[in-house]
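A.B. asks: Sharing a structure with you now.
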Amino acid sequence: MFFSVVIPTYNRKPILEKCLRALEQQNGSDLYSNYEVVVVDDGSTDGTVAWLKTSDEFPHVRLFEQAHGGPSAARNYGVNEAKGDTIIFIDSDLVVTPVFLESHAKALSEAQTETGGDLFFTYGAVINTANFEEPTAEPYKITDFSAAFFATGNVAIARHWLIEAGLFDTGFQLYGWEDLELGVRLKNLGLTLIKCPEAVGYHWHPAFSLDQIPKLIDQEIQRGRMGVLFYQKHPTWEVKMMIQMTWIHRVLWGVLSLGGRLNERTMAPLLQWLIDRGKPSLALEVARVFLNWYNVQGVYAAYREQGAV
Numbered sequence: 001m002f003f004s005v006v007i008p009t010y011n012r013k014p015i016l017e018k019c020l021r022a023l024e025q026q027n028g029s030d031l032y033s034n035y036e037v038v039v040v041d042d043g044s045t046d047g048t049v050a051w052l053k054t055s056d057e058f059p060h061v062r063l064f065e066q067a068h069g070g071p072s073a074a075r076n077y078g079v080n081e082a083k084g085d086t087i088i089f090i091d092s093d094l095v096v097t098p099v100f101l102e103s104h105a106k107a108l109s110e111a112q113t114e115t116g117g118d119l120f121f122t123y124g125a126v127i128n129t130a131n132f133e134e135p136t137a138e139p140y141k142i143t144d145f146s147a148a149f150f151a152t153g154n155v156a157i158a159r160h161w162l163i164e165a166g167l168f169d170t171g172f173q174l175y176g177w178e179d180l181e182l183g184v185r186l187k188n189l190g191l192t193l194i195k196c197p198e199a200v201g202y203h204w205h206p207a208f209s210l211d212q213i214p215k216l217i218d219q220e221i222q223r224g225r226m227g228v229l230f231y232q233k234h235p236t237w238e239v240k241m242m243i244q245m246t247w248i249h250r251v252l253w254g255v256l257s258l259g260g261r262l263n264e265r266t267m268a269p270l271l272q273w274l275i276d277r278g279k280p281s282l283a284l285e286v287a288r289v290f291l292n293w294y295n296v297q298g299v300y301a302a303y304r305e306q307g308a309v
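According to the working numbering, the sequence shown is numbered sequentially starting from 1.
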């Protein structure tokens, strides 16, 4: 198999450097013939394109550019330009280990031998970290668990299935759900998920701080709006549960947030107290009480705006 690692990026130059260096340090394996790294710059303004065009550090990288159109359009561009028969999606803030490609290749090969086909994809592990200097030093945490069927943080799939499914829906212009929506279409084609925990990617993001809260709230509201688009395309109970558009979620987060009284203002002292004691990850989990309430509110607001209720 020939791997095309497709990476959309937008103003992520410092962590993208670590991402690409890690991909150049793969052990290699007889299980795959070669690989390329397809970087699609989504209109960055931080010098990413100029740097990659003048760098000779990344022989596997092929660079493509587009006007800022979001990750769905960037991934579609990457898939269309890919030379490989197998696509691996990762994000530009993911740093992998030297056995990353080998692990995906092994899992794919074993599944093909067992089933005699390729009606599956592999899903690697994603570990969240705020350690920029040594992202791969972060241990696995219970909060790193994901129950998603198809997510683009670390997944390998035969290219032809993506084409047959119709690629990513570029109607998802705001934050969230475009990869899980494609996952529904892949599931409808009969594809199954194969966990591949040996293919580890370390997802870097800055340690949580109070000044991130406005952006996080905006993302939750956007995710609510895109969740309604997801449900309109696939009006099932499973999707309603995923996007939190049920009375269960409305009651749950309403009760936990005391009807919105526990919010970014009232909880700020507690969050800052946790941060000051070196527990920003715990502070973020506590903040999810009101972040999820904003998400549920965003879902129902978007649903009403579109005349669905």
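Glycine included, every Cβ here is placed at the ideal spot set by N, Cα and C.
Check whether the Cβ atoms of tyrosine 32 and histidine 68 lie closer than 8 Å to each other.
C.D. replies: Position 32 of the sequence shown holds residue 32. Position 68 of the sequence shown holds residue 68. Not closer than 8 Å, so no.
A.B. asks: Inspect the beta-carbon positions of glycine 201 and glycine 124 and report whether they are closer than 8 Å.
C.D. replies: Within the sequence shown, the letter at position 201 stands for residue 201. Within the sequence shown, the letter at position 124 stands for residue 124. Yes, these two residues count as a Cβ contact at 8 Å.
A.B. asks: Within 10 Å of its beta-carbon, does valine 251 have 16 or more other beta-carbons around it, so buried, or fewer, so exposed?
C.D. replies: Taking the first residue of the sequence shown as 1, we reach residue 251 at position 251. It is exposed - the Cβ of valine 251 has fewer than 16 other Cβ atoms within 10 Å.
A.B. asks: Using beta-carbon positions only, say whether leucine 189 and alanine 165 come within less than 8 Å of one another.
C.D. replies: Along the sequence shown, read from residue 1 onward, the residue named residue 189 stands at position 189. Along the sequence shown, read from residue 1 onward, the residue named residue 165 stands at position 165. For leucine 189 and alanine 165, yes; Cβs fall inside 8 Å.
A.B. asks: Closer than 8 Å by C-beta to threonine 45: which residues in its own chain qualify, once you throw out the five before and the five after it? Chain order, please.
C.D. replies: Counting from one through the sequence shown, the residue named residue 45 turns up at place 45. Only Asn11 meet the Cβ criterion.
A.B. asks: Just grab the DSSP bridge partners of glutamate 36 for me.
C.D. replies: In the sequence shown, the residue the question calls residue 36 occupies position 36. DSSP lists Ser4 as partners of glutamate 36.
A.B. asks: Check whether the Cβ atoms of alanine 299 and glycine 224 sit closer than 8 Å, and answer yes or no.
C.D. replies: Here residue 299 corresponds to residue number 299 of the sequence shown, with the count starting at 1. Here residue 224 corresponds to residue number 224 of the sequence shown, with the count starting at 1. In the sequence under discussion, the amino acid at residue 299 is valine, which differs from the alanine named in the question. Yes, Cβ-Cβ distance for valine 299 and glycine 224 is below 8 Å.
A.B. asks: Give the C-beta separation of valine 184 and histidine 234 to the nearest angstrom, bearing in mind that I take them to be a contact with Cβ-Cβ under 8 Å.
C.D. replies: For the purposes of this step, residue 184 is taken as the residue at position 184 of the sequence shown. For the purposes of this step, residue 234 is taken as the residue at position 234 of the sequence shown. Right, their Cβ atoms sit about 5 Å apart.
A.B. asks: For valine 309, does the count of other Cβ atoms within 10 angstroms reach 16, so buried, or fall short, so exposed?
C.D. replies: Taking the sequence shown and counting its residues from 1, one reaches residue 309 at position 309. Since pLDDT at valine 309 reaches only 44, below the 50 mark, its modelled position is unreliable, and no value is offered.
A.B. asks: Select from Trp293, Phe290, Leu282 and Gln112 the residue whose C-alpha is nearest the C-alpha of phenylalanine 128.
C.D. replies: For this step, residue 128 is matched to residue 128 along the sequence shown. Note that residue 128 is asparagine in the sequence shown here, rather than phenylalanine. Nearest option by C-alpha distance: Leu282.
A.B. asks: Pull the bridge partners of tyrosine 123 from the DSSP assignment, please.
C.D. replies: The residue given as residue 123 occupies position 123 in the sequence shown. Note: tyrosine 123 sits in a beta bridge opposite Val155 and Lys195.
A.B. asks: Using the DSSP secondary-structure output, state which residues sit across from leucine 94 in a beta bridge.
C.D. replies: Start at 1 with the first residue of the sequence shown, and residue 94 comes out as number 94. DSSP output for leucine 94 lists His203 as bridge partner(s).
A.B. asks: Does isoleucine 217 get closer than 8 Å to chain B when you measure Cβ to Cβ?
C.D. replies: The chain labelled as chain B is not found in the depicted structure, where only one protein chain is given.
A.B. asks: With distances taken from CA atoms, which of Asp211, Pro214 and His104 is nearest methionine 1?
C.D. replies: For this step, residue 1 is matched to residue 1 along the sequence shown. Among Asp211, Pro214 and His104, the Cα nearest to that of methionine 1 is on His104.
A.B. asks: Just the Cα atoms here: how many angstroms apart are glutamine 272 and serine 92?
C.D. replies: Residue mapping note: residue 272 aligns to position 272 of the sequence shown, counting from 1. Residue mapping note: residue 92 aligns to position 92 of the sequence shown, counting from 1. About 29 Å.
A.B. asks: With a threshold of 7 Å on Cβ separation, who are the neighbours of glutamine 222 within its own chain once the five nearest residues in sequence on each side are excluded?
C.D. replies: Numbered from 1 along the sequence shown, position 222 holds the residue referred to as residue 222. For glutamine 222, where only same-chain residues beyond five positions count, the Cβ hits under 7 Å are Leu174, Tyr175 and Gly176.
A.B. asks: Mark threonine 86 as exposed unless 16 or more other C-beta atoms lie within 10 angstroms of its C-beta, in which case mark it buried.
C.D. replies: Mapped onto the sequence shown, residue 86 falls at position 86. Burial call: buried.
A.B. asks: Would you call the CB atoms of asparagine 359 and threonine 170 closer than 8 Å?
C.D. replies: There is simply no residue 359 to check, as the chain begins at 1 and stops at 309 in what is shown.
A.B. asks: Leaving out the 5 sequence neighbours to the left and right, which residues in its chain are closer than 6 Å to phenylalanine 208 when beta-carbon positions are compared?
C.D. replies: Indexing the sequence shown from 1 puts residue 208 at position 208. The residues are Pro280, Ala283 and Leu284.
A.B. asks: Which whole-angstrom value is the C-beta distance of phenylalanine 230 and asparagine 263, which I expect to be below 8 Å?
C.D. replies: The sequence position of residue 230 within the sequence shown is 230, counting from 1. The sequence position of residue 263 within the sequence shown is 263, counting from 1. Going by Cβ atoms, the distance from phenylalanine 230 to asparagine 263 rounds to 26 Å, so no, they are not a contact pair.
A.B. asks: Is it a yes or a no for the segment 47-64 touching the segment 106-116, going by three-plus beta-carbon pairs under 8 Å?
C.D. replies: As far as the Cβ criterion goes, the segment 47-64 does not touch the segment 106-116, which means the pair count is below three.
A.B. asks: Whose C-beta lies closer than 6 Å to the C-beta of valine 217 among residues of the same chain, with five residues either side of it excluded?
C.D. replies: Working through the sequence shown from its first residue, we reach residue 217 at position 217. First, the residue type needs correcting, since residue 217 is isoleucine and not valine in the sequence shown. Same-chain partners within the cutoff: Tyr294.
A.B. asks: Using a threshold of 8 Å, state whether the C-beta atoms of serine 4 and glutamate 102 are closer than that.
C.D. replies: Along the sequence shown, one-based indexing puts residue 4 at 4. Along the sequence shown, one-based indexing puts residue 102 at 102. Against a cut-off of 8 Å, the Cβ pair of glutamate 102 and serine 4 comes out as no contact.
A.B. asks: Considering only C-alpha positions, which residue in the set Met267, Arg159 and Leu23 is nearest to glutamate 81?
C.D. replies: Here the question's residue 81 lines up with position 81 in the sequence shown. Ranking Met267, Arg159 and Leu23 by Cα distance to glutamate 81 puts Arg159 first.
A.B. asks: Just to confirm the assignment, what range does the beta strand (DSSP E) spanning threonine 138 have?
C.D. replies: Working through the sequence shown from its first residue, we reach residue 138 at position 138. Sequence check: residue 138 is glutamate here, not threonine. Glutamate 138 -> no beta strand (DSSP E), and no H or E assigned at all.
A.B. asks: Using a 10 Å radius around the Cβ and a threshold of 16 neighbouring Cβ atoms, would you call phenylalanine 145 buried or exposed?
C.D. replies: Translated into positions along the sequence shown, residue 145 becomes position 145. That one is exposed.
A.B. asks: Give the DSSP bridge partners of phenylalanine 64, in chain order.
C.D. replies: For the purposes of this step, residue 64 is taken as the residue at position 64 of the sequence shown. DSSP output for phenylalanine 64 lists Val40 as bridge partner(s).
A.B. asks: When the distance is taken between beta carbons, is phenylalanine 121 closer than 8 Å to isoleucine 194?
C.D. replies: As a first step, residue 194 must be located in the sequence shown, where it is residue number 194. As a first step, residue 121 must be located in the sequence shown, where it is residue number 121. It is a contact, given that the beta carbons lie within the stated cut-off.
A.B. asks: Report the partner residues of isoleucine 88 according to the DSSP bridge assignment.
C.D. replies: For the purposes of this step, residue 88 is taken as the residue at position 88 of the sequence shown. In the DSSP output, where bridge partners are listed per residue, isoleucine 88 has Val5 and Ala156.
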